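Student: Residue numbers (my numbering), protein chains in the order written: chain A, 1 to 151; chain B, 152 to 302; chain C, 303 to 453.
Every residue gets a Cβ at the ideal spot worked out from N, C-alpha and C, and that includes glycine.
From a predicted model like this one, the values you see are computed outputs, not experimental measurements.
One structure, as structure tokens, below. Some questions next.
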């Protein structure tokens, strides 16, 4: 059981941790549950109280927290394609020698990053919170950054 | 008056604080100003310089910063219902035994979390910034996490 | 070359830094690359490992990370105007004596803030990441907050 609230009386020295997670999604778009990979980083960091920043290092991808349910991921895909369709490719001025303008837009809806609290050495998550990598322009190697600050 | 910029020369020990705020919204959707509740946490923490993370612990709710104006909240409601309509419920594959797929989508538009700077013991806010809990699938007890890191 | 992962063994004292960046955009809407301004703050802070929070202090503006490409910025403008049109102004209840309800909505899509990792004294960015101020209701002086926490 987590304590309902915690105030550290004396304070501690601050520590930091950094790791890159690499992905190569074979399709243009996909959602990948990266919670266990980020948990492994947290364990390796040995940080007990603090904040974890998890962000896409590419501007056509997202990191977000939502439900690990395949039906919902299908709904996200259909919904994002309606809000920011991939084609016709020529509707976007960005698509000069590229065809990924929609990926830049979709990433804004889903977000670049999440900041997750660390309490007593664990993610301070609600019952269904899971961390996802959202790829909107895959078929190449891309990275996610995990940065942890705390004590 | 806040100092225009502050560089702490010597550094201090880091402290952390955690609290859950509970809500039971009687309707499916609502926006609740939680600024004063988060301010009470900050005061209790006794942290003077740092960052406050405020996040929904449920994946069908949001925490965001915007204006405390009822007309705008009505506009948000109408706009979100246009971007990600609740019904017909069967349009979403997530809705097998559930009817809240739209709440998962709406929460992506409005965001999971805010990170707010703490300066001289107060939220470092512009003139109209207020913190809101956005409920998109209420009628049950749900939580918001407040985590504060700093010195 | 950044080290692939870093765990600080002993820990350090935490420091904080704060600065406001001011903008007066002559048009209603614009995207401004503020990366170099935030980099100057980071250099001034002398913080080597930590987190930078960059947030709009106004609720009709955004701070976000994306590509510094004018075609894409045009696409953002067209897309946001489709998702949350400025007019007709009367479609929004917020517009009583104001005409900026759409700016409050656009800011939710683009986001209030970014949190950027600091590693070895630099932004821990992927190849194309740049920080932008997104103005949706300009023609007056408005602020962005830079808050840095770390060691």
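DSSP beta-bridge partners for residue 16 (chain A)?
Tutor: In the DSSP output, where bridge partners are listed per residue, residue 16 (chain A) has A:149.
Student: For residue 419 (chain C), would you say it is in contact with chain A, using Cβ-to-Cβ distances shorter than 8 angstroms as the test?
Tutor: Yes, residue 419 (chain C) counts as interfacial toward chain A.
Student: With 16 other CB atoms within 10 Å as the buried threshold, where does residue 205 (chain B) fall?
Tutor: Flag for residue 205 (chain B) reads buried.
Student: Determine the closest residue to residue 101 (chain B) out of B:272, B:253, B:291, B:190, with distance taken between C-alpha atoms.
Tutor: Because residue 101 (chain B) is not part of the residues shown, which for chain B are 152 to 302, the question remains open.
Student: In or out: residue 156 (chain B) buried (at least 16 other Cβ within 10 Å) or exposed?
Tutor: With a pLDDT of 41 at residue 156 (chain B), under the threshold of 50, the modelled position of that residue is not reliable, and the figure given next carries that caveat. Counting Cβ neighbours within 10 Å, residue 156 (chain B) comes out exposed, since fewer than 16 surround it.
Student: Using a cut-off of 9 angstroms between C-beta atoms, extract the partners of residue 288 (chain C) located in chain A.
Tutor: Coverage of chain C is limited to positions 303 through 453, which leaves residue 288 (chain C) absent and any answer about it impossible.
Student: Under 8 angstroms by Cβ, that's how I've got residue 337 (chain C) and residue 451 (chain C) pegged, so tell me the actual separation to the nearest angstrom.
Tutor: No, residue 337 (chain C) and residue 451 (chain C) are not in contact; Cβ-Cβ is about 19 angstroms, not under 8 angstroms.
Student: Out of curiosity, what's the CA-to-CA distance linking residue 94 (chain A) and residue 193 (chain B)?
Tutor: Answer to the nearest angstrom: the Cα atoms are 44 angstroms apart.
Student: Taking C-alpha atoms, which residue in C:341, C:442, C:352, C:430 lies nearest to residue 317 (chain C)?
Tutor: Among C:341, C:442, C:352, C:430, the Cα nearest to that of residue 317 (chain C) is on C:352.
Student: Tell me the start and end of each unbroken alpha helix (DSSP H) in the region 67 to 132 of chain A that is at least 4 residues and wholly inside, in chain order.
Tutor: The region 67 to 132 of chain A contains these whole alpha helix (DSSP H) runs: 70 to 83, 101 to 110.
Student: Given residue 320 (chain C), which residues of its chain have a CB within under 6 angstroms of its CB, disregarding the five upstream and five downstream residues?
Tutor: 449, listed in sequence order.
Student: Kindly list the residues whose CB is nearer than 6 angstroms to the CB of residue 123 (chain A), restricted to its own chain and excluding five residues on each side of it in sequence; keep chain order.
Tutor: Result list for residue 123 (chain A): 116, in chain order.
Student: Provide the residue(s) that pair with residue 366 (chain C) in DSSP beta bridges, ordered along the chain.
Tutor: Bridge partners of residue 366 (chain C): C:434.
Student: Would you tell me roughly how many angstroms separate the C-alpha atoms of residue 247 (chain B) and residue 209 (chain B), rounded to the nearest one?
Tutor: Going by the C-alpha atoms only, they are around 19 angstroms apart.
Student: So residue 356 (chain C) is in the beta strand (DSSP E); what residue range does that whole segment cover?
Tutor: Unbroken beta strand (DSSP E) run through residue 356 (chain C): 352 to 358.
Student: Run the CB neighbour count on residue 40 (chain A), radius 10 Å, all protein chains shown included, and call it buried at 16 or more, exposed below.
Tutor: That one is exposed.
Student: Taking the alpha carbon of residue 64 (chain A) as the point to measure from, which residue in B:280, B:294, B:258 has its own alpha carbon closest?
Tutor: That would be B:258, whose Cα lies nearest to the Cα of residue 64 (chain A).
Student: What's the C-alpha gap between residue 445 (chain C) and residue 314 (chain C)?
Tutor: Answer to the nearest angstrom: the Cα atoms are 32 angstroms apart.
Student: Less than 8 angstroms separating the beta-carbons of residue 329 (chain C) and residue 436 (chain C)?
Tutor: Against a cut-off of 8 angstroms, the Cβ pair of residue 436 (chain C) and residue 329 (chain C) comes out as no contact.
Student: Note down, in chain order, each residue of its chain lying with its Cβ closer than 6 angstroms to the Cβ of residue 279 (chain B), except the 5 sequence neighbours on either side.
Tutor: Same-chain partners within the cutoff: 218.
Student: Cβ of residue 33 (chain A) less than 8 angstroms from any chain B Cβ?
Tutor: Taking Cβ atoms only, chain B never reaches closer than 8 angstroms to residue 33 (chain A), which makes this a no.
Student: Checking the sheet assignment: what are the DSSP bridge partners for residue 30 (chain A)?
Tutor: The partner list for residue 30 (chain A) (beta bridge, DSSP) reads A:135.
Student: Looking at chain C, is there any beta carbon in it that lies within less than 8 angstroms of the beta carbon of residue 193 (chain B)?
Tutor: Taking Cβ atoms only, chain C never reaches closer than 8 angstroms to residue 193 (chain B), which makes this a no.
Student: Cβ atoms of residue 223 (chain B) and residue 260 (chain B): under 8 angstroms apart, would you say?
Tutor: Their beta carbons are not under 8 angstroms apart, which means residue 260 (chain B) does not touch residue 223 (chain B) by this criterion.
Student: Using the three-state DSSP reduction, which class does residue 144 (chain A) fall into: helix, strand or coil?
Tutor: Here residue 144 (chain A) sits in strand by DSSP.
Student: What are the partner residues of residue 42 (chain A), as DSSP defines its beta bridges?
Tutor: Beta-bridge pairing links residue 42 (chain A) to no other residue.
Student: Which word fits residue 263 (chain B), buried or exposed, when buried means at least 16 other C-beta atoms lie within 10 angstroms of its C-beta?
Tutor: Residue 263 (chain B) should be labelled buried.
Student: With 16 as the cutoff for other CB atoms within 10 Å, does residue 29 (chain A) come out buried or exposed?
Tutor: With 16 or more other Cβ atoms within 10 Å, it is buried.
Student: What residues of chain A sit near residue 247 (chain B), judged by a beta carbon separation below 8 angstroms?
Tutor: Near residue 247 (chain B) (Cβ distances below 8 angstroms), the residues of chain A are 71.
Student: Return the chain-ordered list of same chain residues with a C-beta closer than 6 angstroms to the C-beta of residue 391 (chain C), the five sequence neighbours on each side being excluded.
Tutor: 397, 401, listed in sequence order.
Student: Under 8 angstroms, do residue 125 (chain A) and residue 76 (chain A) count as touching if we go by C-beta distance?
Tutor: No, the Cβ-Cβ distance between residue 125 (chain A) and residue 76 (chain A) is not below 8 angstroms.
Student: Measuring only between beta-carbons, confirm whether residue 226 (chain B) sits less than 8 angstroms from chain C.
Tutor: Yes, residue 226 (chain B) lies at the interface with chain C (some Cβ there is under 8 angstroms from its Cβ).
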